[in-house]
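J.: Sharing a structure, written as structure tokens. Questions coming.
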Amino acid sequence: MGLLVGDGIGHEIVPATRGVVDTAVAAAGEAPIDWVTLPIGLDAIAEHGTPIPDVTLDALAGLDGWVLGPHDSAAYPEEFRGLLTPGGTIRKRFDLFANVRPAQAFSGVRAVVPDMDLVIVRENTEGFYADRNMHTGSGEFMPTPDVALAVAVFTRRACERIAQTACDLAARRRGRVTVVHKANVLTLTTGLFRDVCVEVAEGFPGVRVDTEHVDAMAAHLVRRGGDFDVVVTENMFGDILSDLAGELSGSLGTAPSLNASHTQAMAQAAHGAAPDIAGRNRANPTALMLSAAMLLDWLAARQGRDGLARAAGRIRRAIEQTLAAGVATADLGGLASTAEFTETVGARILRR
Ligand code: ATP
Ligand code: MG
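Taking my numbering, the leading residue of the sequence shown gets 15, the next gets one more, and so forth.
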């Protein structure tokens, strides 16, 4: 499994996550993970002259899964700013088209919507963030200095594969998919997205599908966010709604994500490198640990290795119990350091 430390608090939360994964995998009776540490971010600039060197991309091509720490691209030298971030480069290179972002409230963590337990499945390659899909570079352009245009791309193939991912997931959860669009205004683009998703969902007899406009959905999430199971949407809507849902269910420090194609997956916390608290043993490793658990589940399903799924379950339960017991880092109002929180999670993994 690949390990990319990244910048800022990555130096704390990535080793913490690795330790917890190793403990859980051993406790589940699985063979130890073979970690492959790869350079990225500021360390890679110092060593290789670029934040995302070819040695890293070449090695990732041969891996099923990896854990990516956060990157602080604002701290990179001038020449690397305005380029695709290291995470963006990896997503694009390996066509990680599904960004899966759970928003789940934890007992012990204050939440605006305490019964929220949903997963946003965000299309990650096209829509209004079309530059990721266009070989010419940016999807935005200015025909004159006073007019700026942006192109959105929606293809049947991309809508189909993200709908499939969402329905597969819903079939393993509570069997409900909500398709989020804006077809009253963006009729051709998000209308195609909506129609293809509904069509795909019809092939899943156990899955009930409904549709919502994105503006109404924002309101529903605040008022009755506990009613949703799997929410599938296009790139930009998913970007915005997943931040909203993450915050309503808890905090940035607990929001995990998985970026996946059909053959590879990348665990990545929803938050950034938090340079304001880096190096102070204060960072919350929960989001990355939960992301790593999602990766273990994904690998377990692909490789038929039940032990990896058991390890993922142990990590999740240990984190739930740790937070419920009031052991939390400062961002959640707690007193625990990164190291103390990590130790408690590790001890709870072993207890069961
Ligand atoms: P990016 O552009 O990389 O997403 P950002 O500007 O959104 O970065 P973050 O790095 O996510 O910012 O940090 C936002 C705030 O949340 C900061 O004050 C940071 O300290 C805090 N924060 C983010 N992640 C964590 C964490 N895991 N533990 C504790 N605090 C965090
Ligand atoms: Mg951010």
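In this text, a Cβ means the ideal position worked out from N, Cα and C, and glycines have one as well. Because the structure is a prediction, the values reported are computed rather than measured.
Tell me whether glutamate 354 sits in a helix, a strand or coil according to DSSP, three-state version.
T.: If DSSP states are grouped into helix, strand and coil, glutamate 354 belongs with the helices.
J.: Report yes if the C-beta of aspartate 290 is less than 7 Å from at least one heavy atom of the ligand ATP; otherwise report no.
T.: For the ligand ATP, at least one heavy atom lies less than 7 Å from the Cβ of aspartate 290.
J.: Can you have a look at alanine 361 and say buried or exposed, based on whether 16 or more other CB atoms are within 10 angstroms of its CB?
T.: Exposed, since its Cβ has fewer than 16 Cβ neighbours within 10 Å.
J.: Are the segment 59-66 and the segment 84-94 in contact at 8 Å, needing three or more beta carbon pairs?
T.: With the cut-off at 8 Å, the segment 59-66 and the segment 84-94 touch.
J.: Note down, in chain order, each residue of its chain lying with its Cβ closer than 6 Å to the Cβ of aspartate 109, except the 5 sequence neighbours on either side.
T.: So the qualifying residues of the chain are Ser275.
J.: Would you tell me roughly how many angstroms separate the C-alpha atoms of alanine 184 and arginine 190, rounded to the nearest one?
T.: Rounded to whole angstroms, alanine 184 to arginine 190 spans 6 Å at the Cα level.
J.: Please tell me whether leucine 17 and methionine 130 are closer than 8 Å, where the distance is taken between their beta carbons.
T.: No, Cβ-Cβ distance for leucine 17 and methionine 130 is not below 8 Å.
J.: At 4 residues or longer, and completely inside the segment 140-212: list those alpha helix (DSSP H) runs for me, N to C.
T.: Listed in chain order, they are 170-186.
J.: Leaving out five residues before and five after threonine 356 in sequence, what residues of the same chain have Cβ atoms less than 7 Å from its Cβ?
T.: Only Ala30, Gly33, Val34 and Pro299 meet the Cβ criterion.
J.: Under a three-way DSSP split, which group does histidine 25 fall into?
T.: Three-state result, histidine 25: helix.
J.: Using the Cβ count rule (16 or more neighbours within 10 Å means buried), how would you classify leucine 271?
T.: It is serine, not leucine, that sits at residue 271 in the sequence shown. Classification for serine 271: buried.
J.: Tell me whether isoleucine 54 sits in a helix, a strand or coil according to DSSP, three-state version.
T.: Three-state DSSP puts isoleucine 54 in coil, outside helix and strand.
J.: To which residues of the same chain is aspartate 311 closer than 8 Å at the C-beta, ignoring the five residues directly before and after it?
T.: Same-chain partners within the cutoff: Leu322, Ala323 and Ala326.
J.: Would you kindly work out how many angstroms separate the C-alpha atoms of tryptophan 80 and aspartate 160, rounded to a whole number?
T.: Near 44 Å, if we compare the C-alpha coordinates of aspartate 160 and tryptophan 80.
J.: Using the rule of at least 16 other Cβ atoms within 10 Å of the residue's Cβ for burial, across every protein chain shown, is asparagine 113 buried or exposed?
T.: Label assigned to asparagine 113: buried.
J.: Go ahead and pull the three-state DSSP assignment for glutamate 137.
T.: Here glutamate 137 sits in strand by DSSP.
J.: Compute the Euclidean distance between the alpha carbons of valine 384 and arginine 188, then round it to the nearest angstrom.
T.: As displayed, the chain neither begins before 15 nor continues past 366, which places residue 384 out of reach and without an answer.
J.: With respect to 7 Å, is the separation between the Cβ of leucine 349 and the closest non-hydrogen atom of the ligand ATP below this value?
T.: The answer is no for leucine 349.
J.: Between aspartate 253 and the ligand ATP, is the CB less than 7 Å from at least one heavy atom?
T.: No, Cβ of aspartate 253 sits at least 7 Å from all heavy atoms of the ligand ATP.
J.: If I measure Cβ to Cβ from asparagine 138 and keep anything under 7 Å in the same chain, skipping five residues before and after, which residues do I get?
T.: Correct list, in chain order: Arg105, Leu110, Phe111, Ala112, Asn113, Asn249 and Asn273.
J.: Grab the span of the alpha helix (DSSP H) containing glycine 347 for me, first residue to last.
T.: No alpha helix (DSSP H) holds glycine 347; DSSP gives it neither H nor E.
J.: Please list, in chain order, all residues of the same chain as threonine 150 whose beta carbon is under 8 Å from its beta carbon, the five residues on each side excluded.
T.: With a pLDDT of 44 at threonine 150, under the threshold of 50, the predicted position of this residue should be treated as unreliable, though the coordinate-derived value follows. None.
J.: Pick helix, strand or coil for arginine 17, following the three-state DSSP scheme.
T.: Looking at the sequence shown, residue 17 is not arginine but leucine. Strand.
J.: Comparing alpha-carbon positions, which option in Ala350, Leu346 and Glu216 lies nearest threonine 268?
T.: Threonine 268 has its Cα closest to that of Leu346, out of Ala350, Leu346 and Glu216.
J.: Look up valine 39 in the DSSP assignment and say whether it is helix, strand or coil.
T.: Helix, per DSSP.
J.: Enumerate, from N- to C-terminal direction, the unbroken beta strand (DSSP E) stretches of 3 or more residues contained entirely within the segment 79-114.
T.: DSSP runs (the beta strand (DSSP E)) wholly in the segment 79-114: 79-82.
J.: Mind listing, in chain order, the continuous alpha helix (DSSP H) runs of no fewer than 4 residues lying wholly within the segment 307-338?
T.: With a minimum length of 4 residues, the continuous alpha helix (DSSP H) runs that stay inside the segment 307-338 are 320-338.
J.: Quick check: what's the CA-CA separation for glycine 63 versus arginine 222?
T.: Near 50 Å, if we compare the C-alpha coordinates of arginine 222 and glycine 63.
J.: Quick one: residues in its chain with C-beta nearer than 8 Å to the C-beta of glycine 340, no 5 flanking neighbours on either side, listed in chain order?
T.: Excluding residues within five positions, the ones whose Cβ falls inside 8 Å are Gly122 and Gly348.
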